[in-house]
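According to the working numbering, the residues represented by the sequence shown are 1 to 443, in order. Notes follow the structure.
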Amino acid sequence: MRKKIMAILLTLTMAGILFAGCGGSKNEVQEDASSEVGQESAITAESEVKESPAAGGNKEAVTLTMWVWDDAQVPATQAMVDEFHEMHPNINIEITSIAGVQDYNTKMQTVIGTKDAPSVFWINFNLAKEYIPMGFVQDLTEYINKDSEFDITKLNAGITDAYTVDGKIYGIAKDTDGFAVFYNKSLFDAAGVKYPENEWTVEEFAQTAKELTGDGVVGWSNTTSDRAYYNFMYSYGGSPYTEDGSAANVNSKGSVEAMQVLLDLMNNGYAYTRAEMDEMSPSVAFESNLAAMTIDGSWMVSEYSTALGDNLGIVEVPGGPNGKASTGHGIAYATTTSNPHMEETWLFLSYLGSDAAQEKQVEVVIPAANDCASTWEAVYPNLNLTAFVKALGYNKPYLSDKNATASRSVFQEYLANMQSGMYTDAQEAMDAAQEAMNAAINQ
């Protein structure tokens, strides 16, 4: 599976897929996207029942359940459910949104192998490494091959490959993502600091954060995202894991050099500490004009655009000695091996992989449908979304080959310790993290 996840690097560099339009259809605009907000809720499609040839007339009514972990994406998902229900009025879909992927995984663990498992659910790279080997996720290859109206090649091949194991496809690609730097133009103007340009360095990023700090404003919001820190590691020639994913690599020379730059930013007061982030999340601080820059994913464009309007700027991530890097990812739709309604579920999954469904999420994520990515860019014509498109060309992997969730959690623990002021020396912190991460990988 490691080879499949790393294969995303090759496919996502094919930037040409991003400029083909979205199947010529009208744009019906409505997160690993990883939302920090939201509460669990259940929403059932209440669309007016209409007969259609696709519905099969008097077929028995079936209710499918669908789990997601981002409230910000519920409206778009509901729009998909509503349209599907019009096509198949005998099939009802109940959406349950759970606050954040960690709570989502915790709840999923309680229903695996039971009748309460969702009919359709989101899955990410981490969860795939857990759920597929345990036999929880249904192999969709047979359904894909038998459905002459469904073309898997119309979806981003890198994301499909990431959910393919031993030639078997376990997920229908939903979206893809990349990182960039969001900045507040008004805070730059007030500090007399020029706006950053795409071709900037990590050193320039650090200096800019310093110049912006003052008068109640911090230069960099910081982040609890390990992926954002991994970007810097790669840019300095390091990486979170070895190339084959079998061991941690956070105490390598490049990884430590990158972490020292960021640790110095925190210890010098140019970035928020963990205590400050616990009091106010980095995204809220940025939206509240308290942080001039934040490093975040493409799934946050909608939220930040709404919060800052014309004051929002976007620029590519800064480059280090080894260039730029962005940890790439994409969510997929999946189902369980114990699903009693596979016929109806496949109808829904195949619809979710269509341009008609994928274009409904363009306001919040980059669709996995090759012909819809440029539609996402067009939603925000005044923003530099090309920064994210370019990031797809230098995406990097960020997971261990086994026990991915456990080893990632260990790094996040040490990252929190660094952000809390427990370390001034990145080498010391990364040596400790390396040992603990390898223990988690090999447990």
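We treat Cβ as the ideally placed atom computed from N, Cα and C, and that holds for glycine. This structure is a prediction, so every number in the text was calculated from the model and none was measured.
Through-space distance from residue j to residue i, alpha-carbon basis
i, j, result
"A168", "Q138", "In the sequence as displayed, the identity of residue 168 is Lys instead of Ala. Near 10 Å, if we compare the C-alpha coordinates of Q138 and K168."
"P318", "E204", "8 Å"
"L392", "N156", "11 Å"
"G254", "I123", "31 Å"
"M259", "D425", "9 Å"
"L212", "H85", "51 Å"
"D244", "T114", "34 Å"
"Q443", "M280", "35 Å"
"T294", "F179", "10 Å"
"G313", "D189", "12 Å"
"G192", "T224", "28 Å"
"N222", "Y170", "35 Å"
"A275", "G219", "17 Å"
"S246", "A416", "24 Å"
"M422", "H341", "52 Å"
"V120", "F136", "12 Å"
"E413", "A228", "15 Å"
"T160", "T375", "20 Å"
"S25", "K210", "Summary for S25: the model assigns pLDDT 35, below 50, so the residue's position carries little reliability, and this model does not support an answer."
"N382", "E344", "41 Å"
"D226", "A406", "13 Å"
"S338", "A378", "40 Å"
"Q207", "E83", "50 Å"
Simplified DSSP assignment, three categories, for residue i
i, result
"Y304", "helix"
"D310", "helix"
"V165", "strand"
"A387", "helix"
"P196", "coil"
"M108", "helix"
"G24", "With a pLDDT of only 41 at G24, under 50, the local geometry of the prediction cannot be trusted, and the value read off the model is given with reservation. In this structure, G24 counts as coil in the three-state DSSP scheme."
"D296", "strand"
"F136", "coil"
"V256", "helix"
"P367", "strand"
"A248", "strand"
"Y272", "coil"
"A436", "helix"
"L290", "coil"
"W376", "helix"
"H85", "helix"
"I331", "coil"
"E94", "strand"
"G393", "helix"
"L399", "coil"
"A99", "coil"
"V284", "helix"
"W69", "coil"
Residue i CB to nearest heavy atom of the ligand FMN below 6 Å
i, result
"G309", "Of ligands this structure carries none, so the ligand FMN is not represented either."
Residue i and residue j closer than 7 Å at C-beta
i, j, result
"A467", "A332", "Outside the shown range of the chain, which is 1 to 443, sits residue 467, and nothing can be said about it."
"A117", "L187", "no"
"A356", "I366", "no"
"A307", "D175", "no"
"A404", "K129", "yes"
"N184", "N370", "no"
"I132", "V101", "no"
"W69", "I98", "yes"
"N289", "G237", "no"
"M418", "L265", "no"
"F388", "D296", "no"
"W299", "D177", "yes"
"A285", "K396", "no"
"G320", "V217", "no"
Of the listed residues the options, nearest to residue i (C-alpha basis)
i, options, result
"H329", "N126, W67, V68", "N126"
"M437", "T424, S420, M418, L399", "L399"
"S420", "M277, F348, N90", "M277"
"T386", "T96, V120, E197, V165", "E197"
"Q434", "E377, I314, P240", "P240"
"W346", "S148, N370, K129", "S148"
"A440", "M422, L415, V410, Y414", "V410"
"M66", "R408, T336, S305", "T336"
"F150", "G353, V389, E413, E377", "G353"
"Y394", "Y414, T327, V364, E377", "T327"
"D215", "N382, E344, Y270", "Y270"
"S302", "R227, Y380, R408", "Y380"
"Y163", "E199, F348, A334, E377", "A334"
"K447", "K402, V315, N339, F348", "Outside the displayed range of the chain (1 to 443) lies residue 447, so it cannot be described from this structure."
The stretch 416-429 / the stretch 245-261 touching (three or more Cβ pairs under 8 Å) | yes
Per the contact definition of three or more C-beta pairs closer than 8 Å, is the stretch 75-86 in contact with the stretch 106-121?
-> no
Between the stretch 58-65 and the stretch 87-98, do three or more beta carbon pairs fall short of 8 Å?
-> yes
Is the stretch 257-272 in contact with the stretch 215-233, if contact means three or more CB pairs nearer than 8 Å?
-> yes
Between the stretch 137-152 and the stretch 356-371, are three or more C-beta pairs nearer than 8 Å?
-> no
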